[in-house]
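What follows is the structure in structure tokens.
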């Protein structure tokens, strides 16, 4: 009979030996002729090695409201080296996430589906999809779309790991440049300007909680929502944050991926941060502070009663319709519309823009890197018809095999 401790210890060594919008590029970047990771095996020193990425998970069996701030998911404060970033939802899931001891048990029990991501803020796309479905009842297609969008632009495609914050060695060896595996914090891809509680990258910190911006969030909730954040507040605050960035950020950009994610960001607190037992779709300020600043579920928090996606975005946009573009010539108050950008009337252009960014990051992949790019692009596309429209035909920039 093998002692359980030996089983867990062996599992630990094996596991961590094998797992663990236009992007701004200078005109003089020298792109390598070939991009490849030649070592497809485990890395020494605990570094993750190459993996064959599994397909994204499907919807969970149970999709109703339930307590998610429970004894199985206690909140813990940040430790040195933990990654957190611009997305308060993912930050919260990590802060209620999995410890190493529990992780080992889950490997044996095959029970990851019911857990959130690792507390260190580094996870696989499949784990992130499971986590947002379990912790926030996010609809499966939206979960796949946003997760694999972030992974393709900011993750390590060879090791299949992604940081919800900044660049970290925990995701594995660097990919060939100009790719970076820089995590959610990379500006101009997953993260963008005119955030609700995060400052523009131009001002130095695009991922930390900004108290001044949260005070504005509270002020608008008081002025337009009787002390609650609702769709009316979302529409007014979204428009105001755009005006703020136009007036103060000479590098302000609001097009393609960011155009879509900004409106999604405005709807997100209503869809996912309101307790699932409430029917009024209003977020109170104590709960908002808990998510945005403390990265913590409010006490006794229930997730939504049905899977949620992009509900409310159309209403938010309709309050103050806005065209994609940005400040030109490095000047504030010099907003110029970009007619080539994707918007809500040209959704398939977003898919093409994402592919163009990926091709810029990975111009000549070979070997394991090329295989994993093909797979991750396929996984991403499975969500595209539901999110962007069935007329967005699949493209294969690296082939299909």
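In mature numbering (1 follows the signal peptide of the UniProt record, and there is no 0), the protein residues as written are -24 to -1, 1 to 377.
The beta carbon of each residue, even a glycine, is placed where N, CA and C say it ideally should be.
Source: prediction; values computed, not measured.
In this chain, the alpha helix (DSSP H) harbouring residue 248 covers 233 to 248. In the structure shown, residue 299 falls within a coil segment according to DSSP collapsed to helix, strand and coil.
In the three-state DSSP reduction, residue 285 falls in the coil class, being neither helix nor strand. The beta carbon of residue 215 lies closer than 6 Å to those of 296 in the same chain, with the five residues before and after it left out. As for any beta strand (DSSP E) of minimum length 3 sitting wholly inside the region 327 to 367, there is none.
Our two residues, residue 185 and residue 279, have alpha carbons roughly 23 Å apart in a direct line.
Contiguous alpha helix (DSSP H) elements confined to the region 102 to 133 occur at 116 to 130, taking only those with 4 or more residues. Scanning its chain for C-beta atoms nearer than 7 Å, with the 5 sequence neighbours on each side dropped, one finds around residue 346 the residues 374, in chain order.
Residue 209: member of the alpha helix (DSSP H) spanning 207 to 224, first to last residue. Excluding sequence positions up to five before and after residue 284, its CB lies within less than 7 Å of the CB of 113, 114, 115, 247 and 248, all in the same chain and listed in chain order.
The Cβ-Cβ distance between residue 364 and residue 326 falls below 8 Å. Looking at the backbone, the Cα of residue 139 and that of residue 269 are separated by about 19 Å. Judged by DSSP in its simplified three-state form, residue 137 adopts strand. In the three-state reduction of the DSSP assignment, residue 375 falls in the strand class. Ranked by how close their Cα comes to the Cα of residue 180, the residues 192, 153 and 162 have 162 in first place. The secondary-structure analysis by DSSP pairs residue 278 across a beta bridge with 43.
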